[in-house]
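Visitor: Dropping the structure in here first, questions after.
Numbering (UniProt numbering), first residue to last: 1 to 350.
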């Protein structure tokens, strides 16, 4: 596979070009003929538009974490930019995400999470790179991080590039082990794609044939933020620059901003007391397995509140064999005393 200097390989027509201009995305509810269960859906409802507000827009600086917010003429926050992070949250049309095959949970949100070309610093709103980026994406309905994330849940439509490489469609977690119960981990985004991949440090990796269409929890984040949104990716936890390979590598890595830091004694640490500082699009990390010493064992993407007010995330997990907001093995909530809520430990904003 040819290498591109300074950037990961992108095959033929880029994914972003294939997706540009998509106004709404709808996964129609249909039957999975093999599994005999309802397929996934994600519906955009044009209920309201927070962007394009009239009146003078104003900037404000806030702390914990240090960030700049943009308010519309009525004082409502329409965009948030965190110092040291490349992800930004912009207000736009409300979308409803659902996964009826696995849960009754629905997330209706007017947050659109996008990746900026540079990390935010105080005063970036005056720089030309930001003005150009904001003009392009404020009010845009081009697919964002959330759209990418839901393009891999059960029932998601299959899409391929002009070389026949599938870059969207239901992702699995990994093949079953010999016991027929547990599943193999160590499935990365290139395993899902089924192609060799050359990283920015020159390392070329090759997919495992039995892991096609599979991504583990951190591989899923790398598929969404890296391969799709173009955030730089490390070839391993210790080589290259960008988002590390594993959940623990991401949680402890230098990329992004620590929004909730690890607290308490290792190896289990402590559950955070306050999670209200979280913002849609943040990366979440969990301590779940006593066999992994003090490592973080699971990673997820924070979506925000669901229609019942619970703080919900999406992740690729063994219990439901792939990306999900479902209830199998524990509901996908951070609040309350559920399995994942009790084991949540730290969060980062890329």
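Cβ atoms here follow ideal geometry from the backbone N, Cα and C, with glycine treated the same way.
Just so you know, these numbers come straight off a predicted model, no measurement behind them.
Per DSSP, which residues does residue 110 bridge with? Please list them.
Guide: The residue labelled residue 110 in the question sits at position 110 within the chain shown. Answer by DSSP bridge pairing: none, since residue 110 is not bridged.
Visitor: Starting from the C-beta of residue 284, find all residues in its chain whose C-beta is less than 6 angstroms away, skip the five residues before and the five after it, and write them out in chain order.
Guide: Counting from 1 along the chain shown, the entry for residue 284 is found at position 284. Correct list, in chain order: 300, 302, 313, 347.
Visitor: Output the distance between the C-alpha atoms of residue 206 and residue 221, rounded to the nearest integer angstrom.
Guide: The count along the chain shown starts at 1 and reaches residue 206 at position 206. The count along the chain shown starts at 1 and reaches residue 221 at position 221. Each residue's alpha carbon lies about 19 angstroms from the other.
Visitor: How long is the line joining the alpha carbons of residue 236 and residue 200, rounded to whole angstroms?
Guide: Mapped onto the chain shown, residue 236 falls at position 236. Mapped onto the chain shown, residue 200 falls at position 200. In a straight line, the C-alpha of residue 236 is about 12 angstroms away from that of residue 200.
Visitor: Would you mind listing the beta strand (DSSP E) stretches within the region 221-277 that are 3+ residues and don't spill past its ends, in chain order?
Guide: DSSP runs (the beta strand (DSSP E)) wholly in the region 221-277: 257-260.
Visitor: Which stretch, first to last residue, makes up the alpha helix (DSSP H) that contains residue 173?
Guide: Translated into positions along the chain shown, residue 173 becomes position 173. Unbroken run through residue 173: none, as it is neither H nor E.
Visitor: Pick helix, strand or coil for residue 191, following the three-state DSSP scheme.
Guide: Residue 191 sits at position 191 when you count from the first residue of the chain shown. Here residue 191 sits in helix by DSSP.
Visitor: Taking contact to mean at least 3 C-beta pairs separated by less than 8 angstroms, is the region 159-170 in contact with the region 103-116?
Guide: No, the region 159-170 is not in contact with the region 103-116.
Visitor: Would the beta-carbon of residue 263 fall within 8 angstroms of that of residue 89?
Guide: Taking the chain shown and counting its residues from 1, the one referred to as residue 263 is at position 263. Taking the chain shown and counting its residues from 1, the one referred to as residue 89 is at position 89. The answer is no: Cβ separation not under 8 angstroms.
Visitor: Answer yes or no: do residue 297 and residue 286 have a C-beta to C-beta separation smaller than 8 angstroms?
Guide: For this step, residue 297 is matched to residue 297 along the chain shown. For this step, residue 286 is matched to residue 286 along the chain shown. Yes, the pair counts as a contact, with Cβ atoms nearer than the cut-off.
Visitor: Could you give the DSSP three-state label for residue 48: helix, strand or coil?
Guide: Within the chain shown, the letter at position 48 stands for residue 48. Because the pLDDT at residue 48 is just 43, under 50, the model does not fix this residue reliably, and the point stays unresolved.
Visitor: Given this structure, state the Cα-to-Cα distance separating residue 267 from residue 251, to the nearest angstrom.
Guide: Residue 267 sits at position 267 when you count from the first residue of the chain shown. Residue 251 sits at position 251 when you count from the first residue of the chain shown. Cα to Cα, residue 267 sits roughly 14 angstroms from residue 251.
Visitor: Quick one: what does DSSP say residue 308 is sitting in, helix, strand or coil?
Guide: Translated into the one-based positions of the chain shown, residue 308 becomes position 308. Coil.
Visitor: Who are the near neighbours of residue 315 in its chain, counting only those whose CB is closer than 6 angstroms to its CB and skipping five residues on each side?
Guide: Along the chain shown, one-based indexing puts residue 315 at 315. Answer for residue 315: 217, 300, listed in chain order.
Visitor: Roughly how many whole angstroms lie between the Cα atoms of residue 171 and residue 319?
Guide: Here residue 171 refers to the residue found at position 171 of the chain shown. Here residue 319 refers to the residue found at position 319 of the chain shown. Their backbone Cα atoms lie some 13 angstroms apart in a straight line.
Visitor: Can you say whether residue 204 is buried or exposed, counting buried as having 16 or more other CB atoms within 10 angstroms of its CB?
Guide: Translated into positions along the chain shown, residue 204 becomes position 204. Burial call: exposed.
Visitor: What does the alpha-carbon distance come out to for the pair residue 322 and residue 214?
Guide: The count along the chain shown starts at 1 and reaches residue 322 at position 322. The count along the chain shown starts at 1 and reaches residue 214 at position 214. Going from the Cα of residue 322 to the Cα of residue 214 covers about 7 angstroms.
Visitor: Can you grab the Cα-Cα spacing for the pair residue 208 / residue 189, in whole Å?
Guide: In the chain shown, the residue the question calls residue 208 occupies position 208. In the chain shown, the residue the question calls residue 189 occupies position 189. One C-alpha to the other measures close to 11 angstroms.
Visitor: Would you kindly work out how many angstroms separate the C-alpha atoms of residue 104 and residue 326, rounded to a whole number?
Guide: Locating residue 104 in the chain shown gives position 104, counting from the first residue. Locating residue 326 in the chain shown gives position 326, counting from the first residue. The straight-line gap from Cα to Cα measures roughly 8 angstroms.
Visitor: Threshold first: 3 residues or longer. Then list the beta strand (DSSP E) segments lying entirely within the region 115-171, N to C.
Guide: Whole beta strand (DSSP E) segments, 3+ residues: 166-168.
Visitor: How close, in whole Å, do the beta carbons of residue 83 and residue 59 come, if the pair is a contact with beta carbons under 8 angstroms?
Guide: Start at 1 with the first residue of the chain shown, and residue 83 comes out as number 83. Start at 1 with the first residue of the chain shown, and residue 59 comes out as number 59. 14 angstroms between Cβ atoms; not a contact.
Visitor: When DSSP labels each residue in this structure, what does residue 97 get in the three-state scheme?
Guide: Mapped onto the chain shown, residue 97 falls at position 97. DSSP places residue 97 in strand when its eight states are reduced to three.
Visitor: With respect to the beta strand (DSSP E) encompassing residue 283, which residues constitute its N-terminal and C-terminal limits?
Guide: To locate residue 283, count along the chain shown from 1; it is residue 283. 283-286 is the extent of the beta strand (DSSP E) around residue 283.
Visitor: Can you give me the C-alpha to C-alpha distance between residue 332 and residue 339, rounded to a whole angstrom?
Guide: As a first step, residue 332 is located in the chain shown; it is residue number 332 there, counting from the start. As a first step, residue 339 is located in the chain shown; it is residue number 339 there, counting from the start. The straight-line gap from Cα to Cα measures roughly 9 angstroms.
Visitor: Three or more C-beta pairs under 8 angstroms: does that hold for the region 115-130 against the region 149-158?
Guide: They do not touch, by the three-pair rule.
Visitor: Restricting to runs no shorter than 4 residues, where is the alpha helix (DSSP H) found entirely within the region 317-345?
Guide: Counting only runs of 4 or more, we get 339-343.
Visitor: What separation, rounded to the nearest whole angstrom, lies between the Cα atoms of residue 202 and residue 225?
Guide: Stepping through the chain shown from its first residue, residue 202 is reached at position 202. Stepping through the chain shown from its first residue, residue 225 is reached at position 225. Those two C-alpha atoms are separated by around 20 angstroms.
Visitor: In its own chain, which residues sit with a C-beta less than 7 angstroms from the C-beta of residue 259, not counting the 5 before and 5 after it?
Guide: By one-based count along the chain shown, residue 259 stands at place 259. Closer than 7 angstroms at Cβ, skipping near neighbours: 65, 277, 278, 282, 347, 348, 349.
Visitor: Residue 180 to residue 174, Cα distance in whole Å?
Guide: Here residue 180 corresponds to residue number 180 of the chain shown, with the count starting at 1. Here residue 174 corresponds to residue number 174 of the chain shown, with the count starting at 1. Taking the straight line from one Cα to the other gives about 12 angstroms.
Visitor: So, is residue 229 buried or exposed, given that buried needs 16 or more other C-beta atoms within 10 angstroms?
Guide: The residue you call residue 229 lines up with position 229 of the chain shown. Flag for residue 229 reads buried.
Visitor: Buried or exposed, going by whether 16 or more other CB atoms sit within 10 Å of the CB of residue 147?
Guide: Numbered from 1 along the chain shown, position 147 holds the residue referred to as residue 147. Burial call: buried.
Visitor: Quick check on the DSSP output: the beta strand (DSSP E) that includes residue 103 runs from which residue to which?
Guide: Position 103 of the chain shown, counted from the start, is the residue given in the question as residue 103. Premise fails: residue 103 is in no beta strand (DSSP E) and is neither H nor E.
Visitor: For residue 92, name the three-state secondary structure that DSSP assigns.
Guide: For the purposes of this step, residue 92 is taken as residue 92 along the chain shown, with counting starting at 1. Of the three classes helix, strand and coil, the one that applies to residue 92 here is strand, per DSSP.
Visitor: What does the Cβ neighbour count give for residue 191, buried or exposed, with the cut at 16 atoms within 10 Å?
Guide: Against the chain shown, residue 191 aligns to sequence position 191. Buried: at least 16 other Cβ atoms inside 10 Å.
Visitor: Count the other C-beta atoms from every protein chain shown that fall within 10 angstroms of the C-beta of residue 255, then say buried if there are 16 or more, exposed otherwise.
Guide: One-based indexing of the chain shown puts residue 255 at position 255. The residue in question, residue 255, is buried, as its Cβ has 16 or more Cβ neighbours within 10 Å.
Visitor: Going by Cα to Cα distance, which pick from 61, 150, 291, 335 is closest to residue 308?
Guide: The residue you call residue 308 lines up with position 308 of the chain shown. The shortest C-alpha separation from residue 308 is found at 335.
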